[in-house]
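Asker: The structure's right below; bear with me while I get my questions together.
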C-alpha cells in the first residue's frame, strides 16, 4: 500500500544576507514577512520597497529521512514549485523545473538516507524570462513585465488591479511517497447523465486509469461507487492504461445552483495485486451532461450552456487568485469566499487566465455548492511564443491540469485564453516589436483543443474569451458568442450598456474603492484625498481615477470631500453593474448570461471587485444578490421586464406606479402576468414622464428615477437597538430617502451589515442588521458617514 510522508512545515530559507526559518507551503515573501525582514507590501508604497525579493535567488533547505516501511520505490513529489528551481538531494541534482503550474515527481529510492539534505534552489523569474526572451525574441503584451516568457502566475508581475510581487517558493505541498509493484498515477472519470432512463437516471462513467509500474505482473482495478463495487478490471502484464465505459443505474444528477441538487458520489479505484490492495484513488464525482449551444441564428451565433439538457442562464463572476501569495490560501478561505459568491446568487465562477489552476479544495467546494466553473488555460493579455522552451511546458502543463481537474462536475468548460485572440489586432500588437513572430494561436486553436478532445471530451472547449467562433468575424463581435464590454468604463458612460444585446457577456465591470476601513488600513496619507499618493498607488488601472471622475460627472455635481467621493463611487459602481446585468438579463435567452468583472481582490485596491482585498463587502456585493434573484423586476426603456429564473410559472398582478419627485402617487396601472419558468416577459410602457416609476409583483420591486438628483427633505430617521451580536438599525422615511448606505466598518473594523444601498419611499421602513464580534454602541450610528443618504452625500463637507 502506498505510504505518504508529509514534508510540509519547517524549512530553512537562505539568500544573500538572509538565513531565516521558512514554512512550506509558502513563498519567499511570506517567510520574509514572518521574520520581520520586509515591511507589509500592502501598506502605502511598500510594494516598491520589497521588489528586490523578486529579483534575488533563494534556497529552501531541510533534511529528510524515509521513516516508512521498505518499498520498491520512494518518490519525492512537489505539487507546486514557483517557478525556476534546481532540486538537489544529498548534493545530487534530481531535476530542474520551469513551470509553476505542474506537479513534479522524482525517484529518490537509492538516494535518500538518514537526514539527507534536500535543497530547492530558486532563480529569479525575471532572469528566466529575460533568458527566454533572448532566445525567442520580444513579444507585445498589455503590461510592461515579461510574464509571457515564463509559465508562472502572470498577475504576480502586476495587473490593473494588482501589485507587482514576483514570488518564489515551494507553494504547494511536498511529500515522500513509498510504493511497491505499481501505483495509480492518474484517474480520469468522465461522468455523464442520461435523463429519462428509469425513476432517476442513467449514469455513464468513462473511466481511464494510468498505472506506473516497477514490476510487470497482472493486476486488477476494482471500481466502487459510494462503497459498492461496480466493476473489476483486468490490468494485463505490462499494461499502463486501463479504460472502461460503465453504465450506472439509478443516478441522481449533479445540478447547478437553482436547478436541483448538486448530487455527489464517492468514486474509488483500488489497485489489487492478487487480493492485496497496493494503491487507492478516491474522489467525489457527479453525473451531469454539459452542452454548449453555439449554433447560428438570424441574429448571429448563440452561446447558451445546457446542463442535463436544460438551458441555464449564467449569473457569473470572474475569479482572480484570492491572495497575491496563493500559498496562503486554505480550504476554509476558499469555502468562505465561494459561499459568499453563492449567497450573492452567483451560479458560475470563471477562473481567469492570468492566475492559477486553483487548489483541489476550490473545485471540491464548487462541486458541493453547485457552482459551475469556467476554467481558463493560463494565457492572458499577451502574445505568447510558440517555440521552445515554452511550447513543451504548455503541453505538459495542460495535460497535467486537464487530468487533475477531470473528476470535478462543477467544471463545465475549458477556455483557451483571456483576450489574446482579440487584442493582437485591437491593440495593434502586430505592428510592435516582435508582433511578426509567433503569438499563440497554435495553442488556442490546435494544441489545447486536441488535448481536451483526447483527455476530457466530456466538456466543451472554447478557443478564447472573447471569441466569435472563427476568423470570419472580429473576435469581440457582440453578435457572435462571447463578448467583453470594456468600451463602457474605459470610454463611455454606463448607460451605453443598453446599446446592444451581446450573445454572452464574459467580462464587464465598473470600479470603486475598497471599504473605508480597508482603504484607511492600507493608506496612511494625511489628508486622505482621492488623488493623494497612497490612494493613487492603490489604483493600478490606467487613468483609473480619471475614469471614476468622468463617471461621476455624468450623474452628480462635484463631490465636496473624500468621504463623498468614496460614497458616490460606490454608488456609481452599483448603478453601472445593475444597468448592465438587468438590461442583458432582460434579453435571455438571446443573451446567454453575464460574468461580472470581478468577484474578489488580492490586496487592498480600487478595483472592479465586489469583495475587497480585506474580505469586506462593497455595496456591489449586496446589489448582486438583488440582480441575480431567481425572480426579479427591472424597468427598461422598452418596458417592465419580469425576470423568472425559477422552476415555476410566475403568476400575479404587476403594479406599475407613477410618482412625483416627492414620492406622491400619481397613477397606477395593473397587468395580470403569467411568466413561464426560466423565461422573461416584457410589459411595454413604464410610467411615461413620471419622476419616479415603481413596479411591484409579489415580493419583487423595481424603481426608476428620471433624475440622478435626490430630494433633500426625505425625513429619514434611524433608531439603533443593541441586540445579541450587534445592532438592529430601523430606518423610516417620511419622504423619498434615496440610496441610504450604512458603512458598518466605520463602526468597528469587523462589523458587517446585511444590506447595501437602500431606497425608501414615503412611509416605508426597513431594518439593517449590523453584526460584530464585540458589543456595539447604538450611538455609533450617528457618527459622520456611518449612515448616509444621497442628498446628504452631495452636501456634507466632513473630512476624515
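Numbering (my numbering), first residue to last: 435 to 1234. Using N, Cα and C, we set each Cβ at its ideal position, and we do this for glycine too.
1) Please name the residue in 624, 1221, 1068, 1012 whose C-alpha comes closest to that of residue 1118.
2) If I'm right that residue 1165 touches residue 1194 with Cβ under 8 angstroms, what's the distance once you round it to whole angstroms?
3) Among 766, 636, 623, which has the Cα closest to the Cα of residue 700?
4) Starting from residue 1029, follow its DSSP beta bridges and name the residues at the other end.
5) Measure the C-alpha to C-alpha separation of residue 1003 and residue 992 and round it to an integer number of angstroms.
6) Return the CA-CA distance between residue 735 and residue 610, expressed in angstroms with no decimal places.
7) Does the beta-carbon distance from residue 1072 to residue 1130 come in below 7 angstroms?
8) In chain order, what residues of the same chain lie with their CB nearer than 7 angstroms to the CB of residue 1092, ignoring the 5 residues before and after it?
9) Candidates 823, 819, 846, 625: which alpha carbon is nearest residue 726's?
10) Is it buried or exposed, residue 925, if we count other Cβ atoms within 10 angstroms and call 16 or more buried?
11) Kindly identify the DSSP beta-bridge partner or partners of residue 494.
12) Report yes or no: do three or more beta-carbon pairs, one from the region 662-678 and one from the region 755-771, lie closer than 8 angstroms?
13) Check the DSSP bridge columns for residue 455 and list the partner residues they point to.
14) Which residues does DSSP pair with residue 1041 in a beta bridge?
15) Taking 7 angstroms as the cut-off, decide whether the C-beta atoms of residue 1059 and residue 1080 are in contact.
16) What is the DSSP secondary structure of residue 623, counted as helix, strand or coil?
17) Out of 1223, 1196, 1160, 811, state which residue places its alpha-carbon closest to the alpha-carbon of residue 1211.
18) Compute the Euclidean distance between the alpha carbons of residue 1215 and residue 777, then round it to the nearest angstrom.
19) Alpha carbon to alpha carbon, how far is residue 710 from residue 941? Give it in angstroms, no decimals.
20) Looking only at its own chain, which residues have a Cβ that is under 6 angstroms from the Cβ of residue 896, when we skip the five neighbours before and after it?
21) State the CB to CB distance for the pair residue 487 and residue 463, rounded to an integer number of angstroms; the pair is presumed to be in contact (CB under 8 angstroms).
22) Given that a residue counts as buried once 16 or more other Cβ atoms are within 10 Å of its Cβ, and exposed if not, what is residue 612?
23) Does the beta-carbon distance from residue 747 to residue 1027 come in below 7 angstroms?
24) Output needed for residue 644: all residues of its chain with C-beta closer than 7 angstroms, excluding positions within five of it in sequence on either side, in chain order.
25) Quick check: the region 588-601 against the region 444-457, are at least 3 beta-carbon pairs closer than 8 angstroms?
26) Ordered along the chain, which non-local residues of its own chain (more than five positions away) have a Cβ less than 7 angstroms from that of residue 844?
27) On the CB-based measure, 16 or more other CB atoms within 10 Å of its CB, does residue 435 come out buried or exposed?
28) Take residue 1233 and list the residues in its own chain whose beta-carbon comes closer than 7 angstroms to its own, dropping the five residues that flank it on each side.
29) With three or more C-beta pairs closer than 8 angstroms as the rule, is the region 473-486 touching the region 783-791?
30) Does the structure place the region 510-522 close enough to the region 547-556 that three or more beta carbon pairs sit under 8 angstroms?
31) Assuming residue 901 and residue 915 are in contact, meaning their beta carbons sit under 8 angstroms apart, how far apart are those beta carbons, in whole angstroms?
32) Pick helix, strand or coil for residue 538, following the three-state DSSP scheme.
33) Where does residue 1061 fall in DSSP's three states?
34) Excluding sequence positions up to five away, which residues of its chain have a Cβ less than 7 angstroms from the Cβ of residue 1199?
35) If you follow the beta strand (DSSP E) that residue 1018 is part of, which residue opens it and which one closes it?
36) Distance, Cα to Cα, residue 615 vs residue 648?
Answerer: Looking at the coordinates:
1) Within the chain shown, the letter at position 684 stands for residue 1118. Closest by alpha carbon: 1068.
2) Here residue 1165 refers to the residue found at position 731 of the chain shown. Here residue 1194 refers to the residue found at position 760 of the chain shown. Residue 1165 to residue 1194, Cβ: 6 angstroms. Contact.
3) Along the chain shown, one-based indexing puts residue 700 at 266. Comparing Cα-Cα distances from residue 700 to each of 766, 636, 623, the minimum goes to 623.
4) By 1-based counting over the chain shown, the position of residue 1029 is 595. Beta-bridge pairing links residue 1029 to 750.
5) As a first step, residue 1003 is located in the chain shown; it is residue number 569 there, counting from the start. As a first step, residue 992 is located in the chain shown; it is residue number 558 there, counting from the start. So the alpha carbons of these two residues sit roughly 12 angstroms apart.
6) To locate residue 735, count along the chain shown from 1; it is residue 301. To locate residue 610, count along the chain shown from 1; it is residue 176. Going by the C-alpha atoms only, they are around 51 angstroms apart.
7) Position 638 of the chain shown, counting from 1, holds the residue named residue 1072. Position 696 of the chain shown, counting from 1, holds the residue named residue 1130. No, the pair does not count as a contact, with Cβ atoms beyond the cut-off.
8) Here residue 1092 refers to the residue found at position 658 of the chain shown. Cβ within range, chain order: 1100, 1101, 1121, 1122, 1124, 1127.
9) The residue labelled residue 726 in the question sits at position 292 within the chain shown. Ranking 823, 819, 846, 625 by Cα distance to residue 726 puts 846 first.
10) In the chain shown, the residue the question calls residue 925 occupies position 491. Exposed, by the Cβ-count rule.
11) Working through the chain shown from its first residue, we reach residue 494 at position 60. In DSSP, residue 494 forms a bridge with 447, 554.
12) no
13) On the chain shown, residue 455 is found 21 positions in, with the first residue counted as 1. BP columns for residue 455 point to 446.
14) Within the chain shown, numbered from 1, the residue matching residue 1041 stands at position 607. Answer by DSSP bridge pairing, in chain order: 946.
15) Sequence index remark: in the chain shown, residue 1059 carries index 625 (1-based). Sequence index remark: in the chain shown, residue 1080 carries index 646 (1-based). Their beta carbons are not under 7 angstroms apart, which means residue 1059 does not touch residue 1080 by this criterion.
16) What you label residue 623 is simply residue 189 of the chain shown in a count that begins at 1. Strand.
17) Here residue 1211 is taken as the residue at index 777 of the chain shown, counted from 1. Out of 1223, 1196, 1160, 811, 1160 has the C-alpha closest to the C-alpha of residue 1211.
18) Looking up residue 1215 in the chain shown gives position 781. Looking up residue 777 in the chain shown gives position 343. Each residue's alpha carbon lies about 26 angstroms from the other.
19) For the purposes of this step, residue 941 is identified with residue 507 of the chain shown, where counting begins at 1. For the purposes of this step, residue 710 is identified with residue 276 of the chain shown, where counting begins at 1. So the two alpha carbons sit approximately 52 angstroms from each other.
20) Sequence index remark: in the chain shown, residue 896 carries index 462 (1-based). So the qualifying residues of the chain are 849.
21) What you label residue 487 is simply residue 53 of the chain shown in a count that begins at 1. What you label residue 463 is simply residue 29 of the chain shown in a count that begins at 1. 6 angstroms between Cβ atoms; contact.
22) Translated into the one-based positions of the chain shown, residue 612 becomes position 178. With 16 or more Cβ atoms within 10 Å of its Cβ, residue 612 is classed as buried.
23) As a first step, residue 747 must be located in the chain shown, where it is residue number 313. As a first step, residue 1027 must be located in the chain shown, where it is residue number 593. In this structure, residue 1027 lies closer than 7 angstroms to residue 747 by Cβ.
24) Taking the chain shown and counting its residues from 1, the one referred to as residue 644 is at position 210. Excluding positions up to five away in sequence, the list reads 619, 620, 674, 675.
25) no
26) Locating residue 844 in the chain shown gives position 410, where the first residue counts as 1. Same-chain partners within the cutoff: 797, 800, 801, 805, 806, 807.
27) In the chain shown, counting from the first residue as 1, residue 435 sits at position 1. So residue 435 ends up on the exposed side.
28) Residue 1233 sits at position 799 when you count from the first residue of the chain shown. Any answer about residue 1233 is weak, because its pLDDT of 47 lies below 50 and its placement is not dependable; what the coordinates show is given next. Cβ neighbours of residue 1233 beyond the five flanking positions: 961, 995, 996, 997.
29) no
30) yes
31) Against the chain shown, residue 901 aligns to sequence position 467. Against the chain shown, residue 915 aligns to sequence position 481. That belief holds up - the Cβ atoms of residue 901 and residue 915 are roughly 6 angstroms apart, short of 8 angstroms.
32) On the chain shown, position 104 is the one that residue 538 refers to. It is a strand residue.
33) In the chain shown, the residue the question calls residue 1061 occupies position 627. Helix at residue 1061.
34) Numbered from 1 along the chain shown, position 765 holds the residue referred to as residue 1199. The answer, listed in chain order, is 1164, 1165, 1166.
35) Translated into positions along the chain shown, residue 1018 becomes position 584. From DSSP, residue 1018 is part of no beta strand (DSSP E) but of the alpha helix (DSSP H) over 996-1019.
36) For the purposes of this step, residue 615 is taken as the residue at position 181 of the chain shown. For the purposes of this step, residue 648 is taken as the residue at position 214 of the chain shown. Residue 615 and residue 648: Cα-Cα distance of roughly 5 angstroms.
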